[in-house]
Amino acid sequence: MTTATVFVVDDDPSICRALVRLLAIAGLDAQAFLSAAAFLGAHDADASGCIVLDIAMPGLDGMDLQQLLAATDCPRPIVFLTGHGDIPSSVRAMKGGAIDFLTKPVDDTALLAAVQRALERDHAARAAWRELRAHKRHLAALTPREREVLEQVVAGRLNKQIAADLGTVEKTVKVHRGRIMQKMAARSLADLVRIASRLGIEPAPAAPPPRPADDDTAR
Amino acid sequence: MRLRAVAWLLTFALPTLVWASGAAAEPVRVLMLFSNDSLLPAGATLGDSFRNAIESESGGREVDIFTEFLDADRFPEAAHAARMASLLRDKYSADPIDLVVSVGPQALAFLRERRTTLFPNTPLVFAAVSEASIDRLRMPSNSTGVISRFDAAHTLELALRLQPHATRVTVVTGASVFDRQWEAVAREQLAPYADRLDVTYLAGLTLPRLLDALAGLPPTAIALYLTIFEDGAGELFTPRDLVQRLSDAAGAPLYGVYEPYVGRGAVGGFVESFEAMGAATARLTARVLAGESPESLPPDSVATQAYTVDWRQMRRWGLDEASLPAGTGIRFREPSLWALYRTEILGVLVLILMQSIFIVALLVQRRQRQLAEASLRESEERYRDVVDTQTELICRYRPDTTLTFVNDAYCRYFDRGRDALVGQSFLQLVPEADRAVVLKEFEDIGRRGRSETYEYQVLRPDGSLGWQQWTHRVIHDEAGAVAEIQGIGRDITDIKHADLEVARRRQEVTHLTRVAILGELSGALAHELNQPLTAILSNAQAAQRLLARNLPDLTMVAEILDDIVTDDRRAGDVIARLRALLQRGESRFEPVDLNVVATDVLALVRSELIERRVVVETHLAAALPLVQGDRVQLQQVFLNLVLNACEAMSDERPDERTVTIRTSNDGDGAVMASIVDRGRGFPPDAADRLFEPFFTTKRCGLGLGLSICRSIVVAHGGRLWAENNGDGGAIVTLALPVPSGDAK
Numbered sequence: 001m002t003t004a005t006v007f008v009v010d011d012d013p014s015i016c017r018a019l020v021r022l023l024a025i026a027g028l029d030a031q032a033f034l035s036a037a038a039f040l041g042a043h044d045a046d047a048s049g050c051i052v053l054d055i056a057m058p059g060l061d062g063m064d065l066q067q068l069l070a071a072t073d074c075p076r077p078i079v080f081l082t083g084h085g086d087i088p089s090s091v092r093a094m095k096g097g098a099i100d101f102l103t104k105p106v107d108d109t110a111l112l113a114a115v116q117r118a119l120e121r122d123h124a125a126r127a128a129w130r131e132l133r134a135h136k137r138h139l140a141a142l143t144p145r146e147r148e149v150l151e152q153v154v155a156g157r158l159n160k161q162i163a164a165d166l167g168t169v170e171k172t173v174k175v176h177r178g179r180i181m182q183k184m185a186a187r188s189l190a191d192l193v194r195i196a197s198r199l200g201i202e203p204a205p206a207a208p209p210p211r212p213a214d215d216d217t218a219r
Numbered sequence: 001m002r003l004r005a006v007a008w009l010l011t012f013a014l015p016t017l018v019w020a021s022g023a024a025a026e027p028v029r030v031l032m033l034f035s036n037d038s039l040l041p042a043g044a045t046l047g048d049s050f051r052n053a054i055e056s057e058s059g060g061r062e063v064d065i066f067t068e069f070l071d072a073d074r075f076p077e078a079a080h081a082a083r084m085a086s087l088l089r090d091k092y093s094a095d096p097i098d099l100v101v102s103v104g105p106q107a108l109a110f111l112r113e114r115r116t117t118l119f120p121n122t123p124l125v126f127a128a129v130s131e132a133s134i135d136r137l138r139m140p141s142n143s144t145g146v147i148s149r150f151d152a153a154h155t156l157e158l159a160l161r162l163q164p165h166a167t168r169v170t171v172v173t174g175a176s177v178f179d180r181q182w183e184a185v186a187r188e189q190l191a192p193y194a195d196r197l198d199v200t201y202l203a204g205l206t207l208p209r210l211l212d213a214l215a216g217l218p219p220t221a222i223a224l225y226l227t228i229f230e231d232g233a234g235e236l237f238t239p240r241d242l243v244q245r246l247s248d249a250a251g252a253p254l255y256g257v258y259e260p261y262v263g264r265g266a267v268g269g270f271v272e273s274f275e276a277m278g279a280a281t282a283r284l285t286a287r288v289l290a291g292e293s294p295e296s297l298p299p300d301s302v303a304t305q306a307y308t309v310d311w312r313q314m315r316r317w318g319l320d321e322a323s324l325p326a327g328t329g330i331r332f333r334e335p336s337l338w339a340l341y342r343t344e345i346l347g348v349l350v351l352i353l354m355q356s357i358f359i360v361a362l363l364v365q366r367r368q369r370q371l372a373e374a375s376l377r378e379s380e381e382r383y384r385d386v387v388d389t390q391t392e393l394i395c396r397y398r399p400d401t402t403l404t405f406v407n408d409a410y411c412r413y414f415d416r417g418r419d420a421l422v423g424q425s426f427l428q429l430v431p432e433a434d435r436a437v438v439l440k441e442f443e444d445i446g447r448r449g450r451s452e453t454y455e456y457q458v459l460r461p462d463g464s465l466g467w468q469q470w471t472h473r474v475i476h477d478e479a480g481a482v483a484e485i486q487g488i489g490r491d492i493t494d495i496k497h498a499d500l501e502v503a504r505r506r507q508e509v510t511h512l513t514r515v516a517i518l519g520e521l522s523g524a525l526a527h528e529l530n531q532p533l534t535a536i537l538s539n540a541q542a543a544q545r546l547l548a549r550n551l552p553d554l555t556m557v558a559e560i561l562d563d564i565v566t567d568d569r570r571a572g573d574v575i576a577r578l579r580a581l582l583q584r585g586e587s588r589f590e591p592v593d594l595n596v597v598a599t600d601v602l603a604l605v606r607s608e609l610i611e612r613r614v615v616v617e618t619h620l621a622a623a624l625p626l627v628q629g630d631r632v633q634l635q636q637v638f639l640n641l642v643l644n645a646c647e648a649m650s651d652e653r654p655d656e657r658t659v660t661i662r663t664s665n666d667g668d669g670a671v672m673a674s675i676v677d678r679g680r681g682f683p684p685d686a687a688d689r690l691f692e693p694f695f696t697t698k699r700c701g702l703g704l705g706l707s708i709c710r711s712i713v714v715a716h717g718g719r720l721w722a723e724n725n726g727d728g729g730a731i732v733t734l735a736l737p738v739p740s741g742d743a744k
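Given below as C-alpha cells:
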C-alpha cells in the first residue's frame, strides 16, 4: 500500500506553505496546489489520500471541484477550509460528502483530526472500492443464464422453483449455482446476497407470474 | 498769283511800316490854345483830362502837348490878338504842329480868322465851344470838335423835379460877352416855361446888388446861375469862384450849369463835365491823328452832360433825394457820421456786439452753471442718499490704505463713528494674520487698475471674525496716477460659513460613501485579513509542535518565524489601506500613479472578486505620467467603479464575468483610465443621469456613488463619463490632467 498523501488546494501561497509544513511536521505527506485546475492536472485517482480544500478560489472553486470529483467512481475525501463559514455553504459541502468544514484560521488539532478521519475514510473507501471493482469484474464474467439464476438465488428461491421458472431441471440449476458462487467468490449465500446488493442487482420478483399451463414443464 | 499776293502784302505793309516807323520815330505835336488864362480851373481840368486820355486814345503813340493862353477876357483888344498870332507863328515855325486844339470860343474865333496864315494846313479840334458859337462862327476848314451845349432847360427840369411847387425862377448871369451869349441861349431854352413859371433874369448886376437880390428870394424859388465873368461894374470874376458867395447869399436853392459849380454851393444841375469834355476832345484828336479827315468827323456832342447834385445843398434846402431823376450823380454825399467813421463805428459796434454776445454767453453760462450746480447738488443728494441708505459697505481710500470716506453702513458694521474711521488705515479692521495678504492684493489693484473682487476676513466689533467680499475700482487723477480706490463690499460671513458648511458636508458625504463601500466590502476585507492570519496560526502551531520535539529543527522554526512576520506585515498592509480609506481628512494633493491606485484597489477587493467569480484583466500603460491628486479619493473612485462593474455583471454566467481595467497616456496632457465590464449596460438616455445624485439602477442603492466619483474627478480637474461598449456592457472612462511640465 502506497503512503497516503494530503493534497492541499488553496490559492494563497503562504497558507499552502503553512499547511504543508504543519502536516509534514505531523508526519503526513502533503502536496500543495494553488488552484483546482492545477490539482486536477496532476491528479491520479489511484493514489490514496485526501484533500484539504479552500472553497473561495478564482476559476474552479472548492465546490466545483467537489462536484467534479463526485462524478468519478472514487471521490476523494475532502476537508473544506473556508474564510467565510456561512451555513448554507457548510450544509451543501457536507451533503456533498465532505468529511468536515473548517473555518480559517484553522486550529491544528482540528485540522489534523479531520485529515486523519479523511485518510481513514479514503483507505476504507479505497478498499471497498477495490472490492467493488472486483465484484464488478466477476459479474461481468457471468453468462446471461447465470445472471438470471443469480437473481433468483438472491431472492431466496429453492432450486426446484428456479428450475421450474427458468424451464430447466434442478440439476442444471445446481450446476449454475455452483458456478455463480465460484465466479462471484462468494463464501455463502448470505455473502452472495450482500455482493449482489452491493452491485445493485435486484432480486427477482417473489412469485413468478401465473402461467396458463402449470404442468407443461417440458418446453 | 503768288506775285500778286506779295504785292498786296507790300502795299499794306509798307505804309504801316512807314507809319509805324514814323510813329515810333517822332512824337506827334499837339498845340492846345486856351481862350482864357492858364489858371482858369475849367481849362486846367479839361487840359488834364485831355492829356490823360490822348496817349491811350492814340494807341500809345507819343504825343507832345504845347499849351498857349489867349487870356481873351482880360486882353480883348485886337492888338493883343495880333501879338499872340505873331508869337505863335514864330514859336512853332521850326517844328510844325501836327494838330491844334482850341479851347473856348475866343480861341476858335482867333484861329478861324487867321486860318490861312496861322497853322494853315493843320487840322483843328475845338472844344468848349457852344452850339451858338459854332453857328455864329462857322466851323473853320479842316476842323472838328466837341461842342458844348448850354442846357439851362434840363437844369431847370432838375430843379422842378426837386421843387415841384416852385413858381419863380431867377436866372443869374453876368455882363461879359460870354455871359451874354449864355443869357441869350438861356432865354431861348427857358421860353417854354414862361407860361408856367415866373422867369426873371438878373443879368449884368453888380455883385453886391446881385447878392441882395438873391438874398431876397424865398426858399420856394429857383435860382439858376449861368456864368458871371464880368459883373455890371466891370469887375472880372471866375464864375466858379462866385458860386459859393451866391449860394451862401441866396434865399432859394441855387442851381448851376457847370460841373465845377456843383460842390461850391450849387444844388446841382444838368452840367457838363470839363473832364468829360477833355476826354472827348482827346478821342476826337486821336482819330484825326490816326488819319481820319476832320471833315469826315462831325462835331462831337456826345453826352458830356449829366444830372449832378450836391448832396449837402440838397440837405440844406431839405430837398428829397427820391425826387431826383434816375441816374443822377449824387456828389458830396456828406459822409454821415456813419460813412465817415464807418470803420470806427463798425468797429465799436462789433466790439459792443461781441461784448454783448460775450456778456450774454457769460450770463447763459452762469445760468447753466447754476442749473448744473443745482442738478449736481440734487444728484449728489440722491447719491449720498443711496450711499447712506445702502446696506452694502462703501468706502474710499488712498493707495496707502488710509480711508477717505466711509458710508453709514460701513460705520454701522464696524460700530464706529465716521471720524474714527476716516483718516485711519482700514488694515486695523483686518485680522493680523491676513494683513500681509490683503496688502499684497491692494498692490495688485493699484498696479492693474482693474476692478477686482476679493474676499477676506475682518474683525467685527464683537471680536468675532467675519467674511467680507469687496469689489474695488481704481479712481485715477488727471495725471493718470492712482488717486483713490473705491470699494463696495458686503458681509458674506453667512454665505461663507454656508459655503464652508457645504464643503464640509460634501466631504462628509464623500467620506461616508467611502465608508459605505468599505462596509460593503467588509466581508471581503475580513477575508483578506483572514488569509495571513490563517497562515500565521498554522505556522505558529507547526512551530509549537516542532519545539515540542526532543530535538527541534530550529532552522525550520526560523523559517516559520520569517513567514509569520511576512504574513503579519501583509495583514498590516491591508489594515493600513483600510485605515487610509476610512480616514476623513481634507483633500491632500500629491503626485499619484494611477497604475498603483488600480493595483492597490484590486488587492483590496481581491476576495470580493473571487466571491463574485469576476475575472479582472489589467492593461496598465508603462511609464504612465503622474497626476496631481488625493490618493484616497482616487482609490475611492476606482473602488466604486470596479464594484459597479461587478454588480452590473451579477446576472451573467460566471465565465462571462470579466472586468478589464486599462490605463493610458493620451499624449495630449491627460491620463486615461477605463473600466470595462460585460454586464447589462445602461439605457443610452441615462448616460448622463448616471452621475446624478440619487440616481441608481441597482435594486438597492443610494445612487450617490457615481455622483461623488464625478465630483471627485471634477475637483481634480478631470472628466468622468460612461458609455455602452459594443459588447453589451458599459465602459466608464476617467481622464485626469497631467500637470504641465510633468509630462513624460
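Going down the list, the sequences are from chains A and B.
Note that the first sequence covers residues 1 to 219 in our numbering.
Note that the second sequence covers residues 1 to 744 in our numbering.
Cβ coordinates follow ideal geometry from the N, Cα and C atoms, glycine included.
Values in this document were obtained by computation on a predicted structure and should not be read as measured data.
Within the DSSP secondary-structure output, L254 (chain B) pairs in a beta bridge with B:A223. With respect to the C-alpha of E590 (chain B), the residue from B:Q633, B:V616, B:L704 having the closest C-alpha is B:Q633. Per DSSP, the unbroken beta strand (DSSP E) holding G269 (chain B) starts and ends at 268-272. Of the candidates B:V171, B:L254, B:S49, B:L289, B:L289 places its Cα closest to the Cα of G59 (chain B). Taking a Cβ-Cβ cut-off of 8 Å, the neighbours of S607 (chain B) in chain A comprise A56, G83, given in sequence order. Between the stretch 652-660 of chain B and the stretch 681-698 of chain B, the count of C-beta pairs closer than 8 Å stays below three; the two stretches do not touch. Remark: three or more beta-carbon pairs, one from each stretch, lie closer than 8 Å, so the stretch 166-184 of chain B and the stretch 200-216 of chain B are flagged as touching.
Taking 8 Å as the CB threshold, I560 (chain B) lines the interface with chain A. A contact between stretches requires three or more CB pairs, one per stretch, nearer than 8 Å, and the stretch 434-453 of chain B fails this requirement with the stretch 415-422 of chain B. Scanning the stretch 43-81 of chain A from its first residue to its last, the whole alpha helix (DSSP H) runs of 4-plus residues come out as 62-71. Contacts between I87 (chain A) and chain B, judged by CB atoms closer than 9 Å, are missing: the closest CB pair is about 15 Å apart. A contact between stretches requires three or more CB pairs, one per stretch, nearer than 8 Å, and the stretch 528-537 of chain B meets this requirement with the stretch 91-107 of chain A. In the three-state reduction of the DSSP assignment, Y193 (chain B) falls in the helix class.
Looking at the DSSP output, S130 (chain B) bridges to B:S148. Using beta-carbon distances, I575 (chain B) does not count as an interface residue toward chain A, since no partner is under 8 Å. For I195 (chain A), the CB contacts under 7 Å within the same chain, skipping 5 residues up- and downstream, are H135, M184, A186 in chain order. Under the Cβ criterion of 8 Å, N530 (chain B) is counted among the residues facing chain A.
Cβ-Cβ distances below 7 Å link A571 (chain B) to L529, P532, L533 in the same chain, with the five nearest sequence neighbours on each side left out; the list follows chain order.
Sequence-ordered contacts of the stretch 97-112 of chain A with chain B read K104, P105, V106, D108 [C-beta pairs closer than 7 Å]. In the displayed model, F589 (chain B) falls within coil according to three-state DSSP, outside both helix and strand. Neighbours of D567 (chain B) in chain A, taken as residues at a C-beta separation under 7 Å, are given in chain order as S14.
Across the stretch 593-617 of chain B, CB contacts with chain A closer than 8 Å involve S607, L609, I610, E611, R613, V615, in sequence order along the chain. Contact of R21 (chain A) with chain B is assigned, a C-beta pair being separated by under 8 Å. In this chain, S379 (chain B) is not harboured by any beta strand (DSSP E); it is covered by the alpha helix (DSSP H) spanning 342-389. The Cβ atoms of G423 (chain B) and L393 (chain B) do not sit closer than 8 Å to each other. In this chain, the beta strand (DSSP E) harbouring H472 (chain B) covers 465-476. Burial of R577 (chain B) is indicated by the presence of at least 16 other C-beta atoms within 10 angstroms of its C-beta. Sixteen is the threshold: when 16 or more other Cβ atoms of the shown chains lie within 10 Å of the Cβ of I162 (chain A), as they do, the residue is buried. The alpha-carbon of Q313 (chain B) is positioned some 11 Å away from that of Q244 (chain B). In this structure, A36 (chain A) sits near L60 (chain A), with a CB-CB distance shorter than 8 Å. The closest CA to that of R179 (chain A), considering only A:A113, A:A190, A:V149, A:D54, is found on A:V149. Residue burial annotation: G47 (chain B) is buried, with at least 16 other C-beta atoms found within 10 angstroms of its C-beta. Measuring C-alpha to C-alpha distances from L108 (chain B) to each of B:I575, B:A81, B:D95 identifies B:A81 as the nearest. Cβ-Cβ distances below 8 Å link R74 (chain B) to D37, L236 in the same chain, with the five nearest sequence neighbours on each side left out; the list follows chain order.
At least one C-beta of chain A is nearer than 8 Å to the C-beta of T534 (chain B). Residue contact with chain A for N640 (chain B): absent (no Cβ-Cβ distance below 8 Å to any residue of chain A).
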